[in-house]
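Trainee: When the letters of the sequence shown are read in order and numbered with mature numbering (1 follows the signal peptide of the UniProt record, and there is no 0), they come out as residues -26 to -1, 1 to 460.
Beta carbons are placed, not taken as given, at the ideal position from N, Cα and C, and that holds for glycine.
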Amino acid sequence: MKNLAQKSLIAVLTSLLLLGNPPVFAAPTEDLLPDIGTTAGATLSINQEMAMGDLYLRSIRAQAPLIYDPLLTQYINQLGQKLVNHADSVKTPFHFYLINNPSINAYAFFGGNVVLHSALFRYSHNESELASVMAHEISHVTQRHLARLMEDQQRKSPLAWAGALGSILLMMASPQAGMAALSGTIAGVKQGFISFTQSNEQEADRIGMQTLSRAGFDPQGMPNFMQIMADQYRYSSKLPEILYTHPLPDSRLADARNRANQYPAKATPESQDFLFARVRILTMFSNEQGLYINQLLDKYSQGTAKEQLAAAYGHTILLLQDKKYAEARKILSPLFEKHPDNLWFIDAMTDIDIEQKQYTNAISRLQNALNKFKNNPILQINLANAYIQSKQYPQASQLLFRYTFNHPEDLNGWTLLTEAAGKQGKRHEEWAAYAEIVALQGEFDMAIDYLSKASKLVKLGSYDQRRYDARIDQLRQLQQNYSQYK
Ligand SMILES: [Zn+2]
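(1) Can you tell me whether DSSP reads residue 5 as helix, strand or coil?
(2) So which residues touch the region around ligand 1, with touch meaning a C-beta under 6 Å from any heavy atom?
(3) Inspect the beta-carbon positions of residue 251 and residue 49 and report whether they are closer than 7 Å.
(4) On the DSSP letters alone, give me the boundaries of the alpha helix (DSSP H) that residue 418 sits inside.
(5) Which same chain residues, not among the five before or five after residue 416, have their C-beta less than 6 Å away from its C-beta?
(6) Would you list the residues sitting across from residue 89 in a DSSP beta bridge?
(7) Going by C-alpha to C-alpha distance, which of 322, 402 and 276 sits closest to residue 297?
(8) What are the boundary residues of the alpha helix (DSSP H) that residue 307 is part of?
(9) Which residues in the same chain have their Cβ closer than 8 Å to the Cβ of residue 126, if we skip the five residues on either side of it in sequence?
(10) If residue 340 and residue 360 are in contact, beta carbons under 8 Å, what's the gap, nearest whole angstrom?
(11) Would you mind working out which of 197, 439, 244 and 449 sits nearest residue 421, comparing C-alpha positions?
(12) Which residues in the same chain as residue 154 place their Cβ atom closer than 6 Å to its Cβ, once the five residues preceding and following it in sequence are excluded?
(13) So, for residue 15: in the same chain, excluding its five sequence neighbours on each side, which residues have a beta-carbon less than 6 Å away from its beta-carbon?
(14) If you draw a straight line from the alpha carbon of residue 91 to that of residue 349, how long is it in whole angstroms?
(15) For residue 302, which residues of its own chain have a beta-carbon under 6 Å away from its beta-carbon, when the five flanking residues on both sides are left out?
(16) Just the C-alpha distance for residue 56 and residue 344, rounded to the nearest angstrom, thanks.
(17) Using the Cα positions of residue 65 and residue 116, report the straight-line distance between them to the nearest angstrom.
(18) Can you tell me whether DSSP reads residue 434 as helix, strand or coil?
(19) In this structure, how does DSSP classify residue 461 when only helix, strand and coil are distinguished?
(20) Hey, how far is the Cα of residue 389 from the Cα of residue 40?
(21) Evaluate the contact criterion for the region 258 to 277 versus the region 223 to 234: three or more CB pairs, one atom per stretch, below 8 Å.
(22) Output yes or no for whether 7 Å exceeds the beta carbon distance between residue 192 and residue 242.
(23) Put residue 118 into one of helix, strand or coil per three-state DSSP.
(24) Could you compute how far the alpha carbon of residue 455 sits from the alpha carbon of residue 22?
(25) Name the residue from 204, 112, 255 and 308 whose alpha carbon lies nearest to the alpha carbon of residue 42.
(26) How is the alpha helix (DSSP H) around residue 408 delimited, first residue to last?
(27) Measure the CB-CB distance between residue 265 and residue 288 and report whether it falls below 7 Å.
(28) How should residue 189 be labelled, buried or exposed, when 16 other C-beta atoms within 10 angstroms of its C-beta is the threshold for buried?
(29) Using the three-state DSSP reduction, which class does residue 277 fall into: helix, strand or coil?
(30) Closest by CA to residue 38, which one among 73, 240, 246 and 204?
(31) By Cβ distance below 6 Å, which residues in the same chain neighbour residue 194 in space, the five residues on each side in sequence not counted?
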């Protein structure tokens, strides 16, 4: 699967324009900033945290270069879940997101949402190093550091706290203005970042390392990655963002090293999926490392068997990008025969087939794989795309209705559905899918407007109309729930 959603979201806006109803974005005004008062004294409940996390997530979707890649999404979520399963005090589900950004950074937000910058894959040499950053972030969440920080801030400076919470709500109305406001107000921070205290950092390191080790990773991954960050800082004129939010004094590195040394040394097997993910990100989503990826692939070509496999996968992607499909197939075919259940390979083979218009091959391979890996999202999204490319739109719609029901927060499903519906001239289904896309980006009024359009296009009292109207009510309810933070 190629980088679908980032490309297609532009297509969404273009097709909206073609439909004659350009989206209207509200101009930011001061009035939108709600007065959430100096009255509060209560601490944040888990429900409030979940709601704030959801609001924030919608604004991130609206403005950050999120990577909507089914393979990478599955990889970081499986890795994150493995850590979460070995963490204590887990009170919310966790979700992991990847943002295309060349600076080393990771942060956790309310509601168990953890964001990773793609650069983490550039600088981590192995899965334990990457996992150490994730384990640290997970620990900030389980220890409720952000909530405690905000509560503390609220006691010390109620106005600033109100401003921070207000900015998050403002982001709903106008993401750009909200983000700027948030940078200016939250927690009295330097450079607009939330800075955890030194004791928060020590606790996140200590508990994070425990989680890391319990989950079967090498605890040395943590001090090793801190060393990489420290080196970055040494050779850079600008402090990396991550060091604003997670300050790294020498003592932190020394403590982490001492602590890691107390764990029994154990050999952690090299992760094949980490190598595939690393190569995929650096070939497909890196905006500055063209030279680096070639060096890395050269190194991997002469490395372990797993690294050689990752190098061959990387070369396949590069050939696909250069539209050299026959050459890509020549490299991938023998590997695919040896590893017929490898999802990274199935995905790449599908891309080659589709580019060479061998739709039947692509579709039957994906259908067979789905018999084995029931309901796998990577395979389902690839299959829906293959149906669309081969102009089998009703089959695509059928699959996508089920998919979006099971994965309502995946923009990929809705984006493909707009395409499948549009090609069949089913305008109401197209509007309804656009509504979900904009709702996921926090534009509730716009979503309700689109659903009203869909509702007017179908027969009075029909099942579809009841469905659209019920969804309008749901979104209004959600909008209202969020406004009670005022
Ligand atoms: Zn931290």
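Mentor: This is what the structure holds:
(1) In this prediction, residue 5 scores a pLDDT of 33, lower than 50, which makes its location untrustworthy; the coordinate-derived value is nonetheless stated afterwards. Residue state, collapsed to three classes: helix.
(2) Ordered by chain, the residues meeting the criterion of a beta-carbon within less than 6 Å of a non-hydrogen atom of ligand 1 are 110, 114, 170, 175, 178 and 220.
(3) Going by C-beta atoms, residue 251 is nearer than 7 Å to residue 49.
(4) Taken as a continuous stretch (DSSP letters only), the alpha helix (DSSP H) holding residue 418 covers 418 to 431.
(5) Taken in chain order, the residues that qualify are 32, 33, 36 and 146.
(6) For residue 89, which the question treats as bridged, DSSP gives the partners 71 and 81.
(7) Restricting attention to 322, 402 and 276, the CA atom closest to the CA of residue 297 is found in 322.
(8) 299 to 312 is the extent of the alpha helix (DSSP H) around residue 307.
(9) No residues qualify anywhere along the chain.
(10) That pair is a contact at about 6 Å.
(11) Residue 449 holds the alpha-carbon nearest to the alpha-carbon of residue 421 among 197, 439, 244 and 449.
(12) Because residue 154 sits at a pLDDT of 48, beneath the cut-off of 50, its placement in the model cannot be relied upon, and the following sentence gives the value as read from the coordinates. The same chain holds no residue with a CB closer than 6 Å to that of residue 154 once the five nearest residues on each side in sequence are set aside.
(13) Note that residue 15 scores 39 on pLDDT, short of 50, meaning its location in the model is unreliable; the coordinates nonetheless yield the value given after this. Its chain contains no residue whose beta carbon lies nearer than 6 Å to that of residue 15 once the 5 sequence neighbours on both sides are disregarded.
(14) Rounded to the nearest whole angstrom, the C-alpha separation of residue 91 and residue 349 is 28 Å.
(15) Non-local beta-carbon contacts of residue 302 in its own chain, meaning distances under 6 Å to residues more than five positions away in sequence, involve 290, 293, 294 and 326 in chain order.
(16) C-alpha of residue 56 to C-alpha of residue 344: approximately 24 Å in a straight line.
(17) The alpha-carbon atoms of residue 65 and residue 116 are separated by roughly 7 Å.
(18) In this structure, DSSP gives residue 434 a state outside helix and strand, which the three-state scheme calls coil.
(19) Because the chain spans -26 through 460 in this model, residue 461 falls outside it and cannot be assessed.
(20) Their Cα atoms are separated by approximately 15 Å.
(21) Flag = no, the region 258 to 277 and the region 223 to 234 do not touch.
(22) Yes.
(23) Assignment of residue 118 by DSSP, reduced to helix, strand and coil, places it in the coil class.
(24) Straight-line Cα distance between these residues: approximately 10 Å.
(25) Comparing Cα positions, the closest option is 255.
(26) According to the DSSP assignment, residue 408 belongs to the alpha helix (DSSP H) that extends over 401 to 414.
(27) Residue 265 is not a Cβ neighbour of residue 288, given a cutoff of 7 Å.
(28) It is buried - the Cβ of residue 189 has at least 16 other Cβ atoms within 10 Å.
(29) For residue 277, the three-state secondary structure derived from DSSP is coil.
(30) Of 73, 240, 246 and 204, the residue nearest in Cα terms is 73.
(31) Correct list, in chain order: 234.
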